[in-house]
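S.K.:
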Amino acid sequence: MLFRGCVRLLRTTLPVVVPGAVLPTCVPRASRHVRLASSYSQKRQEEHQHLIHVGSQLGYDDLSDLDPERRRKLVMMEYEVLKDMGERVPSELEEEHINELAELGKLQRLRFHLFLFKKEMRKLNAKERKEAFKESHTEHVDNLLKRYEEEPHLIYALNKNTFMIKVIERTMDTFYNYRATMAMLHGHTLIMDCAFSEDLDKREQKLTGEQLVMAFSTNRSLTPEPFNLFFTGLKKNSFTYERMKAVVPTLEQPQFPLQVQEATVQLTDFLRNRIADIISTFSRCKISIPLELEEQLTCWSRWDSDAIYVIGGIVDCRNTAPLTLAKAKKYGLKTRRLPLDKYLEWGLGSKSLTINQVIGILLEFKQTKDWIKAFHHVPRRKLKGAEGLEWWLIPFAVRLRNLPWHSLDGSVHHKASSTRMDWFDKFRDRDGITSSSKNISSRD
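Position 250 of the sequence shown, counting from 1, maps to 726 under our numbering, and the rest follow consecutively.
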């Protein structure tokens, strides 16, 4: 009975491996999750093969050689054919979807149709869940009113009020905008150089616009002292700016707490009489740098309150050229790179970071002056787990919150934590990084 209770406990908790811990022999949920992962991968492969089979029945592969009007007609004809074949396509195509489909290859168009279909289904499911919740909530309120009529002593006496004040989203949004407005007057300046639209395709510009919006949201809400954020080189006729406006319709209102400059020359004028550092945050740029040049990049060790930091606002999925570094060399600016290899052990995948993740790292480091705490904004899936386990095995291992676990030295522990920050604290204590990270400013 005790063993069954332990198994039931393991199945109801989210497992995380603690560094230095030896996994127990009973891992009932791990094999199940591995099977689920393999079945998901097999499903994706079957879906890919099905798309290839469907694509072999269609005519045109590349539409780039045709004139725009003929491309639009072929896209609509292909859409109607797929609809008649019973394939998973959206119920209708919008104008921007037609223009984007006209620039893609055959297999890319099929995948885009599938993506739009899944997106539409998610919206319908969310709408159904919202309606179901509304009905259940109405029933719940009616039951409460009936209960208050039967038992009036349960009503809070102060004007039927409550000490648990509900904070609505609009109030929170106003509060965060006030933070960003105060940062425009007193905050540390951070410039996002967005003058790379010509080097990006449409998909990369779309991702860049979405990440810039997330960076603004992270900046105003993560810490009490956000950056004075500048977006420079962001042309208002670019697809990046259009994507930002689609996500944030109030972007062009005068009271919106974000400074956007369209001309790129203002960036140089703005930095000419100030100390400026360009951060080589995108590992694709860093990897493309020759070894002797990469060694010349100074590792970022302390926060300079007199400097103005500049980040390249770019998502380079296709183009891996070191564009941000080249621009820094062109204008004679200093360069800094994040000390990722010093504090983190990477697992699968590249060392690329999104724009909003870099903003989170900089905000945390500005406030705490501790790289270990700042790097908890790096996604856990990119890091190698304890005892050499890769990231995808970590969620399938045993979390020992209420069960004892044995470390390598043979000692028995009766409590383990599952938060990401505790993992970094244990990692820091294990490798002796505490003193070096806390005295990082005194060394420099």
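C-beta atoms are modelled at their ideal positions from N, C-alpha and C, and glycine is treated no differently.
With distances taken Cα to Cα, identify the nearest neighbour of Leu688 among Asp675, Pro700 and Phe715.
M.R.: The residue given as residue 688 occupies position 212 in the sequence shown. Selected option, being the one with the closest Cα: Phe715.
S.K.: So what's Leu592 in DSSP terms, helix, strand or just coil?
M.R.: Your numbering for residue 592 matches position 116 in the sequence shown. Three-state result, Leu592: helix.
S.K.: Lys860 by DSSP, collapsed to three states: which one?
M.R.: Along the sequence shown, one-based indexing puts residue 860 at 384. Coil at Lys860, not helix or strand.
S.K.: Assign Trp847 to one of three DSSP states: helix, strand, or coil.
M.R.: By one-based count along the sequence shown, residue 847 stands at place 371. Helix, per DSSP.
S.K.: What are the partner residues of Asn704, as DSSP defines its beta bridges?
M.R.: If you number the sequence shown from 1, residue 704 lands on position 228. According to DSSP, which records beta bridges pairwise, Asn704 is partnered with Thr665.
S.K.: Quick one, which of Ala656, Arg812, Ile631 and Lys818 has its alpha-carbon nearest Leu698's?
M.R.: Indexing the sequence shown from 1 puts residue 698 at position 222. Checking every option, the nearest Cα to that of Leu698 belongs to Ala656.
S.K.: For Gln735, which residues does DSSP report across the bridge?
M.R.: By 1-based counting over the sequence shown, the position of residue 735 is 259. DSSP lists Phe706 as partners of Gln735.
S.K.: Which complete alpha helix (DSSP H) runs does the segment 553-589 hold, if anything under 4 residues is left out?
M.R.: Whole alpha helix (DSSP H) segments, 4+ residues: 571-577.
S.K.: The alpha helix (DSSP H) spanning Asp817 covers which residue range?
M.R.: Within the sequence shown, the letter at position 341 stands for residue 817. It spans Leu816 to Tyr819 - the alpha helix (DSSP H) in which Asp817 sits, taken as one unbroken run.
S.K.: How many Å lie between Gln843 and Ser781 at the Cα?
M.R.: Looking up residue 843 in the sequence shown gives position 367. Looking up residue 781 in the sequence shown gives position 305. Roughly 11 Å separates the two Cα atoms.
S.K.: Would you verify that the beta carbon of Leu676 is, or is not, closer than 8 Å to some beta carbon of chain D?
M.R.: The chain inventory of the structure shown lacks chain D, comprising one protein chain alone.
S.K.: Rounding to the nearest angstrom, what Cα-Cα distance links Pro566 and Leu799 in this structure?
M.R.: Position 90 of the sequence shown holds residue 566. Position 323 of the sequence shown holds residue 799. Pro566 and Leu799: Cα-Cα distance of roughly 37 Å.
S.K.: To the nearest angstrom, how far is the alpha carbon of Leu661 from that of Met561?
M.R.: For this step, residue 661 is matched to residue 185 along the sequence shown. For this step, residue 561 is matched to residue 85 along the sequence shown. Computed Cα separation, rounded: 59 Å.
S.K.: How about Ala659 and Asn704: are their beta carbons less than 8 Å apart?
M.R.: Taking the sequence shown and counting its residues from 1, one reaches residue 659 at position 183. Taking the sequence shown and counting its residues from 1, one reaches residue 704 at position 228. Result yes, Cβ atoms of Ala659 and Asn704 sit closer than 8 Å.
S.K.: Look at Leu676 and Thr684 and say whether their C-beta atoms are less than 8 Å apart.
M.R.: Walking along the sequence shown from the start, residue 676 turns up at place 200. Walking along the sequence shown from the start, residue 684 turns up at place 208. Yes, they are a contact pair.
S.K.: Figure out for me which residue from Glu680, Lys845 and Lys860 has the closest Cα to the Cα of Asp817.
M.R.: Position 341 of the sequence shown, counted from the start, is the residue given in the question as residue 817. Taking only the C-alpha atoms, the option nearest Asp817 is Lys860.
S.K.: Taking the alpha carbon of Glu570 as the point to measure from, which residue in His853, Thr647, Arg587 and Arg548 has its own alpha carbon closest?
M.R.: Looking up residue 570 in the sequence shown gives position 94. Checked all of His853, Thr647, Arg587 and Arg548; the closest Cα to Glu570 is Arg548.
S.K.: Can you give the Cα-Cα distance for Phe593 and Lys582, rounded to whole angstroms?
M.R.: By one-based count along the sequence shown, residue 593 stands at place 117. By one-based count along the sequence shown, residue 582 stands at place 106. Cα-Cα distance, rounded: 17 Å.
S.K.: Using DSSP's beta-bridge definition, name the partner residues of Trp779.
M.R.: The count along the sequence shown starts at 1 and reaches residue 779 at position 303. Partner(s): none; Trp779 has no beta bridge.
S.K.: With distances taken Cα to Cα, identify the nearest neighbour of Ala783 among Lys858, Glu576 and Arg812.
M.R.: Here the question's residue 783 lines up with position 307 in the sequence shown. Closest option to Ala783, Cα to Cα, is Arg812.
S.K.: Starting from the Cα of Asn832, find the closest Cα among Met668, His616 and Val551 and give me that residue.
M.R.: By one-based count along the sequence shown, residue 832 stands at place 356. The residue with the shortest Cα to Cα distance from Asn832 is Met668.
S.K.: What's the C-alpha gap between Phe692 and Pro628?
M.R.: As a first step, residue 692 is located in the sequence shown; it is residue number 216 there, counting from the start. As a first step, residue 628 is located in the sequence shown; it is residue number 152 there, counting from the start. When rounded, the distance between both Cα atoms is 48 Å.
S.K.: With a CB to CB cut of under 6 Å and the five nearest residues on each side skipped, what residues in its chain are close to Arg564?
M.R.: By 1-based counting over the sequence shown, the position of residue 564 is 88. Leu590 and Phe593, listed in sequence order.
S.K.: Let's test the definition: count the other Cβ atoms within 10 Å of the Cβ of Lys803 and tell me whether it reaches 16, buried, or not, exposed.
M.R.: Mapped onto the sequence shown, residue 803 falls at position 327. Burial call: buried.
S.K.: If you drop the 5 nearest sequence neighbours on each side, which residues of the same chain put their C-beta closer than 8 Å to that of Lys678?
M.R.: Position 202 of the sequence shown, counted from the start, is the residue given in the question as residue 678. Counting only Cβ-Cβ distances below 8 Å, and skipping sequence neighbours, we find Glu576, Glu579 and Phe715.
S.K.: Can you find the residues in the same chain that come closer than 7 Å, C-beta to C-beta, to Gln772, ignoring five residues on each side of it along the sequence?
M.R.: Stepping through the sequence shown from its first residue, residue 772 is reached at position 296. Any answer about Gln772 is weak, because its pLDDT of 43 lies below 50 and its placement is not dependable; what the coordinates show is given next. Within the same chain, Gln772 has no close Cβ partners at all.
S.K.: Between Lys849 and Phe841, what straight-line distance do the alpha-carbon atoms span, to the nearest angstrom?
M.R.: On the sequence shown, position 373 is the one that residue 849 refers to. On the sequence shown, position 365 is the one that residue 841 refers to. Lys849 and Phe841: Cα-Cα distance of roughly 7 Å.
S.K.: Asp649: buried (16+ other C-beta within 10 angstroms of its C-beta) or exposed?
M.R.: Locating residue 649 in the sequence shown gives position 173, where the first residue counts as 1. Classification for Asp649: exposed.
S.K.: Return the chain-ordered list of same chain residues with a C-beta closer than 6 Å to the C-beta of Ala722, the five sequence neighbours on each side being excluded.
M.R.: Working through the sequence shown from its first residue, we reach residue 722 at position 246. Excluding sequence neighbours, Ala722 sits near nothing in its chain.
S.K.: Can you look up Thr796 in the DSSP assignment and give me helix, strand or coil?
M.R.: Numbered from 1 along the sequence shown, position 320 holds the residue referred to as residue 796. Of the three classes helix, strand and coil, the one that applies to Thr796 here is coil, per DSSP.
S.K.: Sort Val557, Gly836 and Trp847 by Cα distance to Pro700 and report the nearest one.
M.R.: Translated into positions along the sequence shown, residue 700 becomes position 224. Nearest of Val557, Gly836 and Trp847 to Pro700, Cα basis: Gly836.
S.K.: Between the C-alpha atoms of Ile787 and Arg598, what's the straight-line distance to the nearest angstrom?
M.R.: As a working note, residue 787 is residue 311 in the sequence shown. As a working note, residue 598 is residue 122 in the sequence shown. If you take the alpha carbons of Ile787 and Arg598, they lie about 34 Å apart.
S.K.: Grab me the residues of Glu545's own chain with a C-beta within less than 7 Å of its C-beta, minus the 5 sequence neighbours each way, in chain order.
M.R.: One-based indexing of the sequence shown puts residue 545 at position 69. Excluding sequence neighbours, Glu545 sits near nothing in its chain.
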